[in-house]
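Numbering-wise (our numbering), the sequence shown opens with residue 13 and increments by one. All C-beta atoms, glycine included, are put in the ideal place defined by N, C-alpha and C. Predicted model only: the values in this text are computed from it and were never measured.
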Amino acid sequence: LGMDMRHLPIMIQGVGSVGSAIAKSYWEEGVRNLSISDTVQESLDLVTAQRPGIIVVDPRHAHATGAEIFMPCAGGAILNKRTVADMHYRSHTYIICGCANNQLATPDIGQMLHDLGIVWCPDYLVNAGGLIEVTAEMFGRDLEEMLVRMRTTFLSVLYETGESNRPTSVVADDMVSERVAQMSLPQ
13 LGMDMRHLPI
23 MIQGVGSVGS
33 AIAKSYWEEG
43 VRNLSISDTV
53 QESLDLVTAQ
63 RPGIIVVDPR
73 HAHATGAEIF
83 MPCAGGAILN
93 KRTVADMHYR
103 SHTYIICGCA
113 NNQLATPDIG
123 QMLHDLGIVW
133 CPDYLVNAGG
143 LIEVTAEMFG
153 RDLEEMLVRM
163 RTTFLSVLYE
173 TGESNRPTSV
183 VADDMVSERV
193 AQMSLPQ
C-alpha cells in the first residue's frame, strides 16, 4: 500500500514459517516497534535471537497490544466480537492483515470491523501470493506480472469498499463470486 511501516506499532500473532518471515523482513526494513506472540517458545526464540528489540506478548493478549497493524498468522476465528472490540477501543488498531485462514469467527464480524473503521484484508487475498508463486513456477508464468495483478485486485477491493461503504469481506466475496461465474468450467 506504499506505507512507511518503520514507526508503526505492529503485532504479529503467530511466528511459524510465514509470521517469522514477516517479522524478519520488517526488522531488516527498519521496523522497530514490533511485537510477536506464539504458543511455541522455540518459534519465539528463533525470531528474537538476533532481534533483541522485538517484544514478546502473551498470545491471549496479542489482539490488545496497542498495535495499529495486527497480523493474525496463527489459528483461525481470532476475529470475534470481543477481540475486535478490544482492538478498536483498547488498541486503536486500524489495519488487520495476516495469513491465518478463516480469521472471521462469523461473517458479521466483517461488518463490525467496517463499522469501526478497521480495514480487514481478507485472508484469501493475502494468501493468494503463495498460490501465485507456485502457479508461476509450475506453468512458466511471469511472477511479477501476476503479483501486480494480485495487488491491483486487492486495491480494487479497498477502492470499492470506500466507494460502496461495504465491508472488505463482502466486496471481496462478491468479486470472487463474479469471477467464478465468468469462468467456463468443464461440465
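How many angstroms separate the CA atom of residue 125 from the CA atom of residue 79?
As the crow flies, the alpha-carbon of residue 125 is around 15 Å from that of residue 79.
Distance check for residue 146 and residue 160, CA to CA, integer angstroms please.
Their backbone Cα atoms lie some 15 Å apart in a straight line.
Let me know if residue 116 comes out buried or exposed under the rule of 16 or more other beta-carbons within 10 Å of its beta-carbon.
A residue is called buried once 16 or more other Cβ atoms fall within 10 Å of its Cβ, and residue 116 is buried on that count.
Continuous beta strand (DSSP E) stretch holding residue 130: start and end
Taken as a continuous stretch (DSSP letters only), residue 130 belongs to no beta strand (DSSP E), as it is neither H nor E.
Can you tell me whether residue 25 is helix, strand or coil according to DSSP?
Shown here, residue 25 sits in a strand according to DSSP, grouped into three states.
Alpha carbon of residue 114 to alpha carbon of residue 108, nearest angstrom:
Rounded to whole angstroms, residue 114 to residue 108 spans 13 Å at the Cα level.
Is the separation between the beta-carbon of residue 25 and that of residue 55 shorter than 8 Å?
For the 8 Å CB-CB criterion, residue 25 and residue 55 do not form a contact.
Under 8 Å, Cβ to Cβ, is there at least one residue of chain B near residue 179?
As a matter of chain content, chain B is missing from the structure shown, which is built from one protein chain.
Where in the region 87-112 do unbroken runs of the alpha helix (DSSP H), each at least 4 residues long, occur, reported from the N-terminal end onward?
Unbroken alpha helix (DSSP H) stretches of 4 residues or longer found wholly inside the region 87-112: 93-98, given in chain order.
Please look up how many angstroms separate the CB atoms of residue 18 and residue 41, rounded, as I've assumed it's under 8 Å.
Contact flag correct, Cβ pair sits at about 7 Å.
How many whole angstroms separate the CB atoms of residue 122 and residue 180, which I take to be in contact at a CB cut-off of 8 Å?
A Cβ-Cβ separation of about 7 Å places residue 122 in contact with residue 180 under the 8 Å criterion.
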